[in-house]
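> Have a look at this one.
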Amino acid sequence: MPNTKQILALNRFDERDAADLDAELESLFARRQAAFGASSVLFYQRPIRMVRAEGVWMFDADGRKYLDVYNNVASVGHCHPRVVKAIAKQAATLNTNTRYLYDNIHDYAERLLKTYPARLSNIVFTCTGSESNDLALRLTKSFTGGSGFIVTETAYHGNTEAVTAVSPSSFKTRSVPPHVRTVPAPDHYRHPTNDLGARFAEDVANAIADLERNGVKFGGLLVDSIFSSDGIYTDPPGFLKQAVDTVHAAGGLFISDEVQPGFGRTGSGMWGFERHGIEPDIVTMGKPMGNGFPVAGVVTRPEILDSLCETTGYFNTFGGNPVAAAAGLAVLDVIEDEGLIENAKEVGRYFRAELHELKGRHPGIGDIRGAGLFIGIEFSLPGTNEPDPATASYLINALKERGILIGAAGAYGNVLKVRPPLCFARDNADFFIETLNAVLRDRPAGSAELVSLQQQAHHGPKGPKTRG
Ligand code: PMP
143 MPNTKQILAL
153 NRFDERDAAD
163 LDAELESLFA
173 RRQAAFGASS
183 VLFYQRPIRM
193 VRAEGVWMFD
203 ADGRKYLDVY
213 NNVASVGHCH
223 PRVVKAIAKQ
233 AATLNTNTRY
243 LYDNIHDYAE
253 RLLKTYPARL
263 SNIVFTCTGS
273 ESNDLALRLT
283 KSFTGGSGFI
293 VTETAYHGNT
303 EAVTAVSPSS
313 FKTRSVPPHV
323 RTVPAPDHYR
333 HPTNDLGARF
343 AEDVANAIAD
353 LERNGVKFGG
363 LLVDSIFSSD
373 GIYTDPPGFL
383 KQAVDTVHAA
393 GGLFISDEVQ
403 PGFGRTGSGM
413 WGFERHGIEP
423 DIVTMGKPMG
433 NGFPVAGVVT
443 RPEILDSLCE
453 TTGYFNTFGG
463 NPVAAAAGLA
473 VLDVIEDEGL
483 IENAKEVGRY
493 FRAELHELKG
503 RHPGIGDIRG
513 AGLFIGIEFS
523 LPGTNEPDPA
533 TASYLINALK
543 ERGILIGAAG
553 AYGNVLKVRP
563 PLCFARDNAD
573 FFIETLNAVL
583 RDRPAGSAEL
593 VSLQQQAHHG
603 PKGPKTRG
């Protein structure tokens with residue numbers, strides 16, 4: 143198997159290539175490096191200077207247009223006029239910290255809570271997915287008294303100290319700390335089984351037992367209900383149920399991270415957990431919530447929130463401010479009025495069928511999976527299920543040259559992640575299919591090996607992963 147850390151570095155611009163950029167890009171890059179230092183990460187072998195975006199399209203400084211199949215931030219479409227108008231109107235009227243009474247936050251909270259099972263009746267607003275997951279960890283600890291958490295092997299849940307500890311995909315050198323256990327992703331393709339749910343639940347049960355054996359009381363299981371960074375695992379619907387029952391039987395809580403699948407992306411309701419027929423104890427939301435405006439939140443049962451508020455409480459200066467509420471309400475309006483959940487279902491179904499057809503023509507496509515408008519295209523060495531990250535890396539850059547933006551996921555970075563704005567149409571899917579077909583067909587022999595060897599020769603096997 144390829145080395146995961148080395149492979150994920152392939153999708154990222156490397157500063158040692160800066161001399162190959164034209165003068166203007168090189169100068170912008172130098173300013174960025176000077177200000178942001180080692181934390182700066184850019185996509186692509188040749189980074190893009192973006193200037194504007196609209197719907198499913200993004201435009202660079204040279205006027206080149208790109209089809210965005212990467213973004214779940216601008217989830218209802220880039221610069222959606224209704225969201226932009228709502229933000230501007232509210233910003234011109236009132237924006238403040240969140241300790242006053244103002245009307246729109248209540249409308250927003252009530253509308254969101256209506257999309258949840260009745261027992262999940264409290265909401266806390268935050269600004270990012272990371273803050274939401276950080277709060278979810280605190281709630282779990284205060285309610286259960288347990289500090290042990292279980293996550294999947296290539297999970298990403300955010301960037302705070304506590305959340306990084308449960309985000310193994312962030313680690314370059316360290317391994318998970320003593321209060322965390324990982325379980326394998328529910329990978330049906332590379333490790334087929336007749337009962338994925340039973341196997342996943344068994345892995346969770348073993349992890350709980352191992353925590354307790356080592357004197358760590360179990361707190362909860364935290365998963366992204368579409369397993370985005372693990373490589374996108376959606377089927378069969380319902381496979382999470384047994385694991386959730388196992389967690390509850392052990393006195394723990396189940397946290398569903400809906401930062402990726404939430405807000406209609408799966409095409410079957412608002413939330414990814416609904417596909418599994420389960421009721422989480424805590425749900426975390428982020429990214430698509432404000433269509434680019436930082437809005438995020440946590441939904442839970444009152445008794446769980448009470449347990450934290452008895453000790454420390456929670457205050458977030460910007461979480462759920464009036465402008466955030468206006469953005470969030472406009473996003474809900476657009477999802478409803480433009481039928482975006484139905485669109486995700488219909489276009490997603492069509493898109494996957496076309497991709498299956500393409501798979502028949504290209505033996506390097508090992509698997510197609512997904513739900514709604516979140517699709518994974520897994521590349522394997524032809525005739526095997528050995529991960530082929532060099533091809534995924536080649537494709538990311540080659541597709542960009544032909545006007546399509548896409549990223550990779552999975553432990554080996556060999557799964558192309560198709561996650562466009564939800565207003566994506568059939569003709570956008572057709573353009574993607576035609577272009578992917580052409581890039582695969584026209585690929586020079588040995589090009590994948592070349593990408594890998596060039597990068598290794600230049601830079602050696604190191605570098606941070608990219609995610610998002
Ligand atoms: N959870 C998941 C599943 C994510 O993918 C991300 C971000 N990629 C986060 C949480 C963190 O969200 P944010 O970057 O808004 O803090």
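The sequence shown: position 213 = 355 (this note's numbering), numbered continuously.
Don't be surprised by glycine CBs; every beta carbon is placed ideally from N, CA and C.
A quick note: this is a predicted structure, and the numbers were derived from the prediction, not measured.
Grab the span of the beta strand (DSSP E) containing residue 366 for me, first residue to last.
360–366
> Contact check, residue 311 vs residue 298 under 8 Å by CB: the rounded distance?
5 Å
> Can you tell me whether residue 171 is buried or exposed? The criterion is at least 16 other CB atoms within 10 Å of its CB, across all chains shown.
buried
> Can you check DSSP and say which residues form a bridge with residue 266?
440
> Could you tell me which uninterrupted alpha helix (DSSP H) segments, each at least 4 residues in length, are contained entirely in the stretch 458–499, listed from first to last along the chain?
464–479
> Output needed for residue 354: all residues of its chain with C-beta closer than 7 Å, excluding positions within five of it in sequence on either side, in chain order.
360
> So does residue 275 have its beta carbon nearer than 8 Å to some heavy atom of the ligand PMP?
yes
> Provide the residue(s) that pair with residue 529 in DSSP beta bridges, ordered along the chain.
522
> So, helix, strand or coil for residue 176, using DSSP?
helix
> Would you call the stretch 262–280 and the stretch 336–345 touching, i.e. three or more CB-CB distances under 8 Å?
no
> Taking 9 Å as the cut-off, decide whether the C-beta atoms of residue 325 and residue 290 are in contact.
no
> If you drop the 5 nearest sequence neighbours on each side, which residues of the same chain put their C-beta closer than 8 Å to that of residue 194?
200, 201 and 221
> Contact between the stretch 233–251 and the stretch 451–469 is defined here as three or more beta-carbon pairs at a separation below 8 Å; is this criterion met?
Judged by Cβ distances under 8 Å, the stretch 233–251 makes contact with the stretch 451–469, as three or more pairs qualify.
> When the distance is taken between beta carbons, is residue 521 closer than 9 Å to residue 530?
yes
> Shortest alpha-carbon distance to residue 450 belongs to which of 406, 166, 262 and 281?
281
> If we call anything under 9 Å between Cβ atoms a contact, is residue 435 one with residue 465?
yes
> Identify every run of the beta strand (DSSP E) within the stretch 308–340, keeping only runs that are complete inside it and at least 3 residues long; order them along the chain.
Fully enclosed beta strand (DSSP E) runs of 3 or longer: 322–325.
> Would residue 556 and residue 187 be called neighbours here (beta carbons separated by less than 9 Å)?
no
> In the structure shown, what three-state DSSP assignment does residue 549 receive?
strand
> Output the distance between the C-alpha atoms of residue 363 and residue 445, rounded to the nearest integer angstrom.
19 Å
> Would you say the stretch 506–515 touches the stretch 366–382, given that touching needs at least three Cβ pairs under 8 Å?
yes
> If the criterion is Cβ atoms closer than 9 Å, does the pair residue 442 and residue 399 meet it?
no
> May I ask whether a heavy atom of the ligand PMP can be found less than 8 Å away from the beta carbon of residue 570?
no
> Whole angstroms are fine: how far does the CA of residue 214 sit from the CA of residue 523?
Straight-line Cα distance between these residues: approximately 29 Å.
> Closer than 8 Å: is that where the CB of residue 213 sits relative to any heavy atom of the ligand PMP?
no
> Check residue 196 in the structure and name its three-state DSSP category.
Here residue 196 sits in strand by DSSP.
> Kindly indicate which residue of 209, 352, 366 and 189 has the alpha-carbon position closest to the one of residue 574.
209
> Measuring alpha carbon to alpha carbon, tell me which residue in 161, 198 and 506 is nearest residue 433.
198
> Consider the C-beta atom of residue 366 and the heavy atoms of the ligand PMP; say whether any pair is separated by less than 8 Å.
The answer is yes for residue 366.
> Helix or strand or just coil, what does DSSP make of residue 248?
The three-state reading of DSSP puts residue 248 in helix, counting H, G and I together.
> What three-state label does DSSP hand residue 410 in the structure shown?
coil
> If you draw a straight line from the C-alpha of residue 176 to the C-alpha of residue 156, how long is it?
15 Å
> What residues are listed by DSSP as bridge partners for residue 401?
The partner list for residue 401 (beta bridge, DSSP) is empty, contrary to what the question assumes.
> Looking only at DSSP bridge pairs, what is residue 294 linked to?
Paired residue(s): 325.
> Tell me, which residues are paired with residue 207 by DSSP?
For residue 207, DSSP records a beta bridge to 201.
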